[in-house]
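In what follows, a structure is listed as structure tokens, so that the remarks can point back to it.
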Amino acid sequence: MQIEQLKSIIEAALLASTQPMTVQQLGDLFVEADEVTRELIARALESLAGDCDGRGVELKEVASGFRYQVRQDVHPWISRMWTERPSRYSRALLETLALIAYRQPITRPEIEQIRGVVVSSNIIKTMEEREWIRVVGYRDVPGKPALFGTTRAFLDYFNLKSLDQLPPLSEIRDMEDPQMRFEPEPLPARVARDLPIDPDEEAPENSSPDNDGAIDDEHEHPVSADVADTGHSDTTADADAPTTTPEAVEPGPESGPLADQPIATADEAANPAADADTGSASQDTEEYRA
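Shown next as structure tokens:
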């Protein structure tokens, strides 16, 4: 049989089939008179895959065999043909499925020990309904827990030919690291204040050229700033300081009639009018007695 005719037959068979077809299944379509060998079928499949270059479909080999499928770059538009929304799986289900795929055969208690949480029965039931996992045996320990492993349907769903095509765990960690957000802790106020100011940074909205100039002048003339602060402090201190008592003032040489008089107390110095009133009152009393 000519290779072109063989390609047409194989292409039609793959398009008519609802499941991937292996080389053995394709070979069963021919009789001995056709003189079609496995090597000839493999050549026809390789040629058909090359013919798909630049087209919207591709010939893909998965675990169950060969199949035609839509290319990934055109899938977003083709998916609009189906009104049914694609299923979305929870993070817990995907983590459980990944553990089974990478560490199979594995028991449910072992999965729970690794994840640190209880595996829901609905998760196991969902994966079994999708035919992604199956029971491959039982662990020889008390309780005989079931051992789970993946199926061909799992490989077909994820476009894998074998488990060897699973990405290494190191690559998965490298894919997750850039997605982690790193937010450094804020610097202490003292450290942030001592850091040099970046000239490229924009000035705050509430700053003005006058304020900036005042800051520069303060740094350039620290003595003037100290003098200004001192003058302001003295004015404030004068306003707030209590009245100095005469006792704190040393008497100097004075002349006149006040030199022999006793020094007034703080109360008397603070209220001289009261003394005058007292003297007048005493004079009035003496006149009344006379």
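The opening residue of the sequence shown carries number 1 in the UniProt record's numbering; numbering runs sequentially from there.
For each residue, glycine too, the CB sits at the ideal point set by N, CA and C.
For this session: Assign T96 to one of three DSSP states: helix, strand, or coil.
Result: helix
For this session: For P168, count neighbouring C-beta atoms within 10 Å of its own C-beta (all shown protein chains included) and say buried if the count is 16 or more, exposed if not.
Result: Exposed is the call here.
Exercise. In three-state DSSP terms, what is L166?
Worked result: DSSP places L166 outside both helix and strand once states are collapsed to three, so it counts as coil.
For this session: Look at the alpha carbon of D156 and the alpha carbon of S64, and state the distance between them as a whole number of angstroms.
Result: 7 angstroms
Problem set entry | The beta strand (DSSP E) enclosing G50, as first and last residue numbers | No beta strand (DSSP E) holds G50; the alpha helix (DSSP H) holding it covers 38-51.
Exercise. Mind checking R103: buried by the 16 CB within 10 Å criterion, or exposed?
Worked result: exposed
Problem set entry | Run of the alpha helix (DSSP H) containing residue 334, from where it starts to where it stops | Here the chain comprises residues numbered 1 to 290, so residue 334 is not present and cannot be evaluated.
Exercise. Which word fits L15, buried or exposed, when buried means at least 16 other C-beta atoms lie within 10 angstroms of its C-beta?
Worked result: exposed
Exercise. Whose C-alpha, out of D28, R108, A42, V62, is nearest the C-alpha of Q19?
Worked result: V62
Problem set entry | Distance, V57 Cα to K7 Cα | When only Cα atoms are considered, K7 and V57 end up about 16 angstroms apart.
Exercise. According to the Cβ coordinates, are T151 and R134 closer than 8 angstroms?
Worked result: yes
For this session: Go ahead and pull the three-state DSSP assignment for Q104.
Result: coil
Exercise. CA-CA distance, P109 and G50?
Worked result: The straight-line gap from Cα to Cα measures roughly 47 angstroms.
Exercise. At which residues does the alpha helix (DSSP H) containing Q25 begin and terminate?
Worked result: 23-27
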